[in-house]
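**Student:**
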Ligand code: AHR
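Residue numbers (UniProt numbering): 1 to 509.
1. Following the continuous alpha helix (DSSP H) through residue 289, name the residue where it begins and the one where it ends.
2. Helix, strand or coil: which one does DSSP assign to residue 9?
3. Taking the alpha-carbon positions, what's the residue 211 to residue 130 distance?
4. Can you find the residues in the same chain that come closer than 6 Å, C-beta to C-beta, to residue 255, ignoring five residues on each side of it along the sequence?
5. What's the C-alpha gap between residue 30 and residue 323?
6. Can you grab the Cα-Cα spacing for the pair residue 500 / residue 35, in whole Å?
7. Strictly by DSSP, which residues pair up with residue 520?
8. Within 10 angstroms of the Cβ of residue 291, are there 16 or more other Cβ atoms? Answer buried if so, exposed if not.
9. Specify the secondary structure class of residue 506 as computed by DSSP and reduced to three states.
10. Who are the Cβ neighbours of residue 560 in its own chain at under 8 Å, not counting the five residues just before and after it?
11. Is the separation between the beta-carbon of residue 174 and that of residue 187 shorter than 9 Å?
12. If residue 387 sits next to residue 431, beta carbons under 8 Å apart, how far is it from one beta carbon to the other, in whole angstroms?
13. According to DSSP, is residue 369 helix, strand or coil?
14. Over what stretch of residues does the beta strand (DSSP E) that includes residue 526 continue unbroken?
15. Less than 8 Å between the CB of residue 75 and some heavy atom of ligand 1, yes or no?
16. Cβ-heavy atom distance between residue 357 and ligand 1 below 8 Å?
17. Using 8 Å as the cut-off, can you tell me whether the stretch 385-399 makes contact with the stretch 76-96, which would need three or more C-beta pairs spanning the two stretches below that distance?
18. Looking only at its chain, what residues have a beta carbon closer than 6 Å to the beta carbon of residue 372, apart from the 5 residues adjacent to it on each side?
19. Please determine whether the Cβ atom of residue 324 lies at a distance below 8 Å from any heavy atom of ligand 1.
20. Would you call the stretch 424-439 in contact with the stretch 222-234, where contact means no fewer than 3 C-beta pairs closer than 8 Å?
21. For residue 9, I'd like the list of residues in its chain whose CB is within less than 6 Å of its CB, leaving aside the five on either flank, ordered along the chain.
22. For residue 232, does the three-state DSSP call read helix, strand or coil?
23. Taking the C-alpha atoms as reference points, what is the distance between residue 350 and residue 303?
24. Smallest Cα separation from residue 257: which of 314, 94 and 448?
25. Could you tell me whether any non-hydrogen atom of ligand 1 is closer than 8 Å to the CB of residue 361?
26. Given that a residue counts as buried once 16 or more other Cβ atoms are within 10 Å of its Cβ, and exposed if not, what is residue 457?
27. Any idea if residue 203 is buried or exposed, counting beta-carbon neighbours within 10 angstroms, 16 or more meaning buried?
28. How many angstroms separate the CA atom of residue 507 from the CA atom of residue 425?
29. Taking all protein chains shown into account, decide if residue 294 is buried (16 or more other Cβ within 10 angstroms of its Cβ) or exposed.
30. With a 10 Å radius around its C-beta and 16 neighbouring C-beta atoms as the bar for buried, classify residue 192 as buried or exposed.
31. Are the beta-carbon atoms of residue 74 and residue 99 separated by less than 9 Å?
32. Nearest-angstrom Cα distance between residue 156 and residue 145?
33. Looking at ligand 1, does it come within less than 8 Å of residue 171, judged from the CB to the closest heavy atom?
34. By the DSSP assignment, the beta strand (DSSP E) with residue 413 in it spans what residues?
35. With DSSP collapsed to three states, give me the class of residue 330.
36. Which residues in the same chain as residue 71 place their Cβ atom closer than 6 Å to its Cβ, once the five residues preceding and following it in sequence are excluded?
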């Protein structure tokens with residue numbers, strides 16, 4: 001049953017800030033089965049691969065127009081020594097992955113393999129450098145190895161290892177969670193390091209780095225303020241300003257607490273609503289960090305990179321607790337669709353976001369079966385696919401003058417309808433989420449400043465919020481063509497089933 005329609009207004013001819021395509025970014029850490037078994041199976045695998053990289057994973061991610069891939073961590077990044085991962089595989093050093101299950105890492109997937117993967121995916125690499133246990137020299141030489149043309153010690157080493165031409169890398173992270181696993185530093189201590197590391201990560205030739213300082217967790221606005229203050233301190237004028245071009249933020253959505261985060265597929269409606277309330281906190285956090293940054297950078301030249309976000313549940317029963325393997329339901333899909341609405345709203349400052357993580361870890365796009373190798377696309381994957389038209393589109397404001405339905409959750413108000421819109425190349429794309437677990441909801445959108453010539457609509461929903469895909473049931477949650485949308489002149493009426501995500505696209509007339 002549906003209640004009164006929500007009234008929304010979109011001025012299709014008033015463009016807001018561009019939605020950076022990079023907010024649809026990804027993250028691959030040496031963690032559990034993300035790299036090994038996920039992206040990389042080795043050349044001798046029976047699973048079709050090119051130079052050890054799984055072709056089905058590449059194909060699935062290319063269909064999302066994956067804009068960037070962050071690697072090698074996460075916490076792993078701050079104990080990764082890149083020189084262990086180059087040269088003949090049989091000679092590469094073996095290390096212990098102390099953060100994630102204490103397993104041995106043979107370094108068979110290193111810099112060359114990662115850059116090869118990015119080329120196959122046609123995506124931009126985002127490298128997260130080691131500040132916690134590395135040195136300035138080590139990071140500086142990694143940049144030289146990857147990006148320097150001509151003759152130099154590191155360029156020569158790269159050529160000896162089979163790569164003549166340098167690669168292009170723009171996004172470069174100066175450590176990860178340096179307040180925690182990346183060195184347990186104070187904000188002041190890290191801010192000094194960030195300036196130093198940024199200085200020696202050089203631009204070679206026309207390769208221009210976009211340096212990302214390791215930012216705050218959750219609502220640690222003091223961390224953001226310390227990093228912003230340090231940007232205005234003077235230094236050698238021959239060095240590019242600002243020293244770093246963005247700050248990161250990490251925020252995970254969990255229904256319980258860190259000791260018991262809740263199960264991925266077994267949860268009540270109350271736990272579901274708590275999850276959505278927690279997911280919605282991303283808006284408050286981005287607003288808070290952006291407000292602090294505005295004080296020091298009113299022109300918004302420094303970007304926010306939310307390079308870890310998504311759901312974090314208890315691991316699936318019987319799996320290694322250090323591998324962070326979790327299933328992915330219709331609830332996860334709605335967490336993702338809500339995040340994208342929030343990201344679109346913050347397009348003026350948010351230049352990148354990376355869901356954690358792409359394959360087999362946390363809120364993954366893709367799950368692979370460890371025995372058969374079968375590949376499963378998750379409900380979250382489908383949200384990325386349905387929303388890909390927002391990449392690099394102009395954001396459009398969505399006003400709801402009479403408000404949207406709300407529900408009291410844990411003493412707070414949760415809005416149960418979320419909408420965002422954008423335009424690109426003469427096409428309008430509207431994304432709508434109905435967060436109500438049980439009730440359908442209609443939305444009537446008044447399109448002003450232009451009409452639509454045609455409409456195409458997709459819906460993602462399922463019998464239950466717990467529905468998920470498995471090798472036996474690959475399409476329990478998959479997008480369907482949708483006829484619950486009508487266009488009458490400039491009035492678009494969208495019927496949203498309970499717990500659903502709908503996209504409406506059309507040519508602007
Ligand atoms: O994504 C899993 C872990 O979460 C990352 O390694 C770390 O940065 C964060 O705490």
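Using N, Cα and C, we set each Cβ at its ideal position, and we do this for glycine too.
**Tutor:** So, from the listed chains and residues:
1. 269-296
2. Strand, per DSSP.
3. Answer to the nearest angstrom: the Cα atoms are 13 Å apart.
4. 262, 271, 274 and 275
5. Going from the Cα of residue 30 to the Cα of residue 323 covers about 10 Å.
6. 32 Å
7. Summary: the structure shown does not reach residue 520, with the chain confined to residues 1 through 509, and so no result is reported for it.
8. Around the CB of residue 291, fewer than 16 other CB atoms lie within 10 Å, so the residue is classed as exposed.
9. strand
10. Coverage of the chain is limited to positions 1 through 509, which leaves residue 560 absent and any answer about it impossible.
11. No, these two residues do not count as a Cβ contact at 9 Å.
12. 6 Å
13. Residue 369 falls in the coil class under three-state DSSP.
14. Residue coverage of the chain in this structure runs from 1 to 509, which leaves residue 526 outside it and unanswerable.
15. yes
16. yes
17. The stretch 385-399 vs the stretch 76-96: no contact.
18. none
19. Yes, ligand 1 has a heavy atom inside 8 Å of this Cβ.
20. The stretch 424-439 vs the stretch 222-234: no contact.
21. Within the same chain, residue 9 has close Cβ partners 399 and 446.
22. coil
23. 6 Å
24. Of the candidates 314, 94 and 448, the residue whose Cα lies closest to the Cα of residue 257 is 314.
25. yes
26. buried
27. exposed
28. 9 Å
29. exposed
30. exposed
31. yes
32. Roughly 8 Å separates the two Cα atoms.
33. no
34. 412-415
35. helix
36. 28 and 114
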